[in-house]
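Participant: Chains as they are written, first to last, in the working numbering: chain A, 6 to 548; chain B, 6 to 548. Next up is a structure, given as structure tokens.
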């Protein structure tokens, strides 16, 4: 009995202690976030800098300040936790990306995206792992076993979807954006499979069965994750359509959408699926069905609220990575061998460059073979941009590195510490250097991008471009859909000549016949007279 | 060096462990939140039940289910933490209340609200403390010292502002809402002063100086908290007006408003001020200035996003309190003396009833003395409702009880455990019984409330009532303001006869002459042609 209460007292004491520390760190972080937004806005005209780079630098500066004020004791306020990253920061970013993605562009390139994300990641993984096995031995890093080398391959094959969102613009380069970002999402599913496979890795069973298992595993994971996301999205659409019809409440609608999306992510996490893939597809389905079932004010609110949450999470993430990079404890281990650390980091950057080149160019060639029209092919300039824009490594790599090298055990202290600091070095280098050079590279290689569009690119999604884009996209795809129906007759021949267009055609038919009547969607939710929108407009007109 | 890495390894192992547990608990909570929203909607026609009561019951049921599945080991997934409550749940609720409050109604009753919140809480505190000293001795609760009795007085004088939001409707009974809710906000400042005073409590210095210090402390705290909130609000208005003018970005505007409000709360928390008061005034200032400086889509987004966040936080809170109530560890201590526990809880409920009656009726009488017009006076029926609607005790009481009785030490195990369970009993009882009976009581005592309004009361703020209310309020106060200027001339005589109206008049003059030109506000931000709203409307018309 008394021990129970003691636990109670202890835990409450801990809670009170953590209370003050967390108040201080939250205050600091929130203040820095405000600073990032204001500074990011002031630097808006600058074509190199954006909020992310600002956040990264502000994080580094804050780290230095804390380092100096605490006299070298600690540079970080919050310990990098996978929890914080995977449970709180990543879901809003990926969900918003799915919610705002141009669905047509995405699905049109679906095969290429899957090819890049699955096979490409595997190629990159193989090359980085083999390169690490071949080159690291000279560096005398301590005893890394085969599992560690494979883990290194997986860590540095994990692309950073969040960075992609920052450097590529959906309006400016829709094709490249959908390809590189979509690849990043599929990449996550591949990474999960690879990590599970590495943990079960066994040299004795390294045969054809293992490879088949790996492929089967990937297909299973890809399928279940996607279905889970789609089901969550459809469920939200159905609930809002059935229950709320005629008496909409914005608070409840927005809450339900937000909570259902988050629930899908957490369930995927719980079941060991690719939660990124799940929440991405949940976002796509929600924007296709649920979003059309809610009131006008809910539509505006969700669009902007999700974007805002994603925006804050992104800045927070970069701030955090910047601050975490200066963690003194990690650097203590490598301070006696700086040359080795620099060498290792350079090697890794080289392997990342090679690993990506090794699949982007061959797979683009393969993808071009299936396409007849020269406009649909990926030209060499686009290939270079795809290669370059996907080079950034981010918080996912850091989280995986912690997972592998801080947990592996006490025996390889030296090698482990160096691997973690090298990962951070690669992440910082790739984010800053590759990130900064992507926009100029696009301007150099694709000068035909419309001028007014490229001036927009330095703008983050503003409400102007945002709302108008929304309307344009909606009308645009409606129009195109009409064109499909009228000009091109559905035929079996079409399925052979233009498979992706024909799949799209049949999907639209199915969507209109079965899905939209059941789950709602554009044009399938009758206009409610006297709805807030109408009132709102009337009031405005009377005004 | 090795110990450093060991710490790293250990903390990362802990993180991984906590990872799975937190994924499970978050999944469960998010799922339950969805269930609460859907069930709450289905029960919408019911005049007794709302989302909060649903959440409370669902929390209790889940607690029972977990209790049965874990075979009596644990009923809770998350430990009640002050962190979670004070840092994450409370700020959005109170900020949203300040953001959506009817400012005119609030400031018109400002004196009465402050009287109730400050002097009233003090009276209630005194009566409950004296009652506890007099009555508890018979229950043989172990050795509670004077500090404990005073803490009991403070714990049970802390009203639950969140419950007030649930049972009183701003549209139906604006006067009562502003009075009871406003009182709850001021109550928080008083509670902070009382708690600090109790901690420094010293019988030797219990003299006039101490009382003066107490009053001085309250005035200082009230003033600084309010000023901090106002400064944060004005700063956000200024930044958005100056920096963003002409090239608005919804994401940034919404982020800045959200982050600045949260920052004000955290700074107040850090400085030991009344953070509730701070964020409440920040909300008021933001809705008066900042909200008018942002784009139309930001306005809709902020209105609904803040309301949604508050809505989710409220449901979460009730779910949490319901689930926490069944924590088996706490009840083990009182299982051998159930009669004593029931007796104590009943005594406390009685004291709460008395303590509130002891200030509502006398202070209403006092307040009525200052008012000449009979329509402005608080009639006896309204007094009964004010008394009744403020009886609920909530999570603040639980948090304070944990703070006092789980921290106090190991010496008074028995008395401490019983105090915590009794607090939970009182909170559950008052929330369910007083909460459920408030609406019927209002219907009984105030039958003249318009019928269409009272049908609305079972609705939570829906976008229909919401947007139209928004427009009505805006236009309404504009119209009224005009009336003031034209009909009633500013004169010194007015200051004597109608002080509050005259204060309002001078405030408007000052606001229009100095504040709005500097910080923006309705009518002081020129319409931007081609703004998203306009485009949006045009597109709709063309459609």
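The C-beta atom is built at its ideal place from N, Cα and C for all residues, glycine as well.
Closer than 7 Å by C-beta to residue 283 of chain A: which residues in its own chain qualify, once you throw out the five before and the five after it? Chain order, please.
Facilitator: Closer than 7 Å at the Cβ level, and outside the excluded window around residue 283 of chain A, lie 230, 233, 234, 269, 270, 273.
Participant: Tell me the rounded alpha-carbon separation between residue 224 of chain B and residue 195 of chain B.
Facilitator: 10 Å
Participant: Shortest alpha-carbon distance to residue 105 of chain B belongs to which of B:527, B:362, B:286?
Facilitator: B:286
Participant: Under 7 Å, Cβ to Cβ, is there at least one residue of chain A near residue 383 of chain B?
Facilitator: Not flagged as an interface residue toward chain A: residue 383 of chain B, since no C-beta distance is shorter than 7 Å.
Participant: Would you say residue 527 of chain A lies against chain B (beta-carbon separation less than 7 Å)?
Facilitator: Chain B, which has no Cβ nearer than 7 Å to the Cβ of residue 527 of chain A, makes this no.
Participant: Helix, strand or coil: which one does DSSP assign to residue 35 of chain A?
Facilitator: Taken through DSSP and simplified to helix, strand or coil, residue 35 of chain A comes out as helix.
Participant: Once DSSP output is grouped into helix, strand and coil, what is the label at residue 100 of chain B?
Facilitator: helix
Participant: Is it right to say residue 378 of chain A is buried, meaning 16 or more other beta carbons lie within 10 angstroms of its own, or is it exposed?
Facilitator: exposed
Participant: Leaving aside the five residues before and after residue 434 of chain A along the sequence, list all residues of the same chain whose C-beta is less than 8 Å from its C-beta, in chain order.
Facilitator: 350, 354
Participant: Does the CB of residue 318 of chain A have a neighbour CB from chain B at under 7 Å?
Facilitator: no
Participant: Which class does residue 192 of chain A belong to by DSSP, given the choice of helix, strand or coil?
Facilitator: helix
Participant: Is there a Cβ from chain A that is less than 7 Å from the Cβ of residue 165 of chain B?
Facilitator: Chain A, which has no Cβ nearer than 7 Å to the Cβ of residue 165 of chain B, makes this no.
Participant: Within a Cβ cutoff of 8 Å, which residues of the same chain sit near residue 25 of chain A, ignoring the five residues on either side of it in sequence?
Facilitator: Nothing meets the Cβ criterion.
Participant: With DSSP collapsed to three states, give me the class of residue 423 of chain B.
Facilitator: helix
Participant: Return the Cβ separation of residue 99 of chain A and residue 281 of chain A in integer angstroms, given the expectation that the two are a contact with Cβ distance under 8 Å.
Facilitator: 5 Å
Participant: Spatial neighbours of residue 386 of chain B within its chain, please: CB distance less than 6 Å, with the 5 preceding and 5 following residues excluded, ordered by chain position.
Facilitator: 450
Participant: What alpha helix (DSSP H) runs, 4 residues minimum, are completely inside the segment 270-326 of chain A?
Facilitator: If we require 4 residues or more, the alpha helix (DSSP H) runs fully inside the segment 270-326 of chain A come out as 280-290.
Participant: Once the 5 residues before and after residue 141 of chain A are set aside, which same chain residues still bring their CB inside 6 Å of it?
Facilitator: Same-chain partners within the cutoff: there are none.
Participant: Does any residue of chain A have a CB that is nearer than 7 Å to the CB of residue 328 of chain B?
Facilitator: With 7 Å as the cut-off, residue 328 of chain B does not count as an interface residue toward chain A.
Participant: What separation, rounded to the nearest whole angstrom, lies between the Cα atoms of residue 39 of chain B and residue 254 of chain A?
Facilitator: A straight line joining the alpha-carbon of residue 39 of chain B with that of residue 254 of chain A spans about 15 Å.
Participant: Starting from the beta carbon of residue 59 of chain A, find every residue of chain B whose beta carbon is closer than 7 Å, and list them in chain order.
Facilitator: Correct list: empty, because the minimum Cβ distance to chain B is about 13 Å.
Participant: Residues in the same chain with beta-carbon distance under 6 Å from residue 424 of chain A, minus the five sequence neighbours each way, listed in chain order, please.
Facilitator: 410
Participant: Quick one: which residues of the segment 167-187 of chain A get their C-beta closer than 9 Å to a C-beta of chain B? List them in chain order.
Facilitator: none
Participant: Hey, could you find the ends of the alpha helix (DSSP H) residue 110 of chain A is sitting in?
Facilitator: Annotation: the continuous alpha helix (DSSP H) that includes residue 110 of chain A extends over 108-113.
Participant: What are the residues of the segment 419-438 of chain B that lie near chain A, defined by any Cβ-Cβ distance shorter than 7 Å?
Facilitator: 422
Participant: Hey, quick one: how far does the alpha helix (DSSP H) through residue 435 of chain A stretch, first residue to last?
Facilitator: Careful: residue 435 of chain A lies outside any alpha helix (DSSP H) and carries neither H nor E.
Participant: Using the beta-carbon of each residue, which ones in chain B are nearer than 7 Å to residue 4 of chain A?
Facilitator: An answer regarding residue 4 of chain A cannot be provided, because it is not within the stretch 6 to 548 covered by chain A.
Participant: Quick one: using the 10 Å Cβ neighbour count with 16 as the cut-off for buried, is residue 101 of chain A buried or exposed?
Facilitator: When all chains shown are included, residue 101 of chain A counts as buried.
Participant: Measuring only between beta-carbons, confirm whether residue 67 of chain B sits less than 7 Å from chain A.
Facilitator: no
Participant: State the DSSP-derived secondary structure class of residue 381 of chain B, mapped to helix, strand or coil.
Facilitator: coil
Participant: What three-state label does DSSP hand residue 350 of chain A in the structure shown?
Facilitator: helix
Participant: Going along the segment 110-133 of chain A in order, which residues come within less than 7 Å of chain B, judged by CB to CB distance?
Facilitator: none
Participant: Determine, using beta carbons only, whether residue 302 of chain B comes closer than 7 Å to chain A.
Facilitator: yes
Participant: Going by Cα to Cα distance, which pick from B:357, B:382, B:259 is closest to residue 396 of chain B?
Facilitator: Residue 396 of chain B has its Cα closest to that of B:357, out of B:357, B:382, B:259.
Participant: Using only the alpha-carbon positions, how far apart do residue 134 of chain B and residue 362 of chain B sit?
Facilitator: One C-alpha to the other measures close to 15 Å.
Participant: Taking just the CA atoms, how far does residue 398 of chain B sit from residue 161 of chain B?
Facilitator: 7 Å
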